[in-house]
Structures are given as C-alpha cells and as structure tokens.
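Written below as structure tokens is the structure these notes are about.
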Amino acid sequence: MTRVRRKKYHYGDTHIRKKYKTKRRTKYMDEIHDDMKPENAEKMLHQDVDLDKPGSAQHYCLHCA
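The working numbering puts the sequence shown at residues 6 to 70.
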C-alpha cells in the first residue's frame with residue numbers, strides 16, 4: 006500500500022490568513038513616538054466617552070495601544 010496524499014483543503018486561504026494577521030496588528034514605533042508627544046498625548050488621554058469601546062474609551066495606554 007502507498008501513502009495517502011494530503012487533501013490541502015486550506016491551501017488557497019491566503020486572503021483569510023492576511024485578514025487575521027492584520028487584525029492583530031499593533032502600532033509601529035514611530036506611531037507610538039508621535040502619540041507620546043505632549044500635544045497628542047493630551048488628546049489621547051482625554052477622549053470623549055464612547056460606549057461602544059471597551060472601558061468607554063477612558064483608559065488609554067500610550068505605550069501599548
């Protein structure tokens with residue numbers, strides 16, 4: 006008997022892989038650096054209340070967001 010060939014059902018799902026990869030994307034270092042400038046940091050830390058976001062958009066971390 007010979008070996009059974011794999012079926013490769015998910016072979017063409019590259020568009021799905023790219024979607025999940027960009028879903029978990031974090032900010033780059035230059036974006037974080039721009040957010041930490043005093044004029045931008047003030048806007049980020051004191052956002053309007055948005056009930057659709059977690060924590061009503063009131064707990065924003067400049068370093069990791």
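Even glycine gets a Cβ: it sits at the ideal position worked out from N, Cα and C.
Proximity of residue i and residue j at Cβ, strictly below 8 angstroms
| i | j | result |
| --- | --- | --- |
| Gln52 | Tyr65 | yes |
For residue j and residue i, the rounded distance between their alpha carbons
| i | j | result |
| --- | --- | --- |
| Arg10 | Asp18 | 19 angstroms |
| Ser8 | Ile21 | The sequence shown places Arg at residue 8, rather than the Ser named in the question. So the two alpha carbons sit approximately 30 angstroms from each other. |
| Lys42 | His15 | 45 angstroms |
| Asp57 | Lys28 | 18 angstroms |
| Asp35 | Glu47 | 18 angstroms |
| Ala62 | Val54 | 6 angstroms |
| Pro59 | Lys23 | 25 angstroms |
Endpoints, the alpha helix (DSSP H) within which residue i is located
| i | result |
| --- | --- |
| Arg22 | 19 to 28 |
| Asp53 | Unbroken run through Asp53: none, as it is neither H nor E. |
| Met41 | Here Met41 belongs to no alpha helix (DSSP H), and DSSP marks it neither H nor E. |
Own chain partners of residue i with C-beta closer than 7 angstroms, once the 5 adjacent residues on each side are dropped
| i | result |
| --- | --- |
| Asp39 | Asn45 |
Beta-carbon contacts of residue i that lie in its chain and below 8 angstroms, excluding the five residues immediately before and after
| i | result |
| --- | --- |
| Leu67 | Ile37, Asp40, Met41, Ala46, Met49, Leu50 |
When the options are compared against residue i, the one with the closest alpha-carbon
| i | options | result |
| --- | --- | --- |
| Cys69 | Lys23, Thr31, Gly60, Gln63 | Thr31 |
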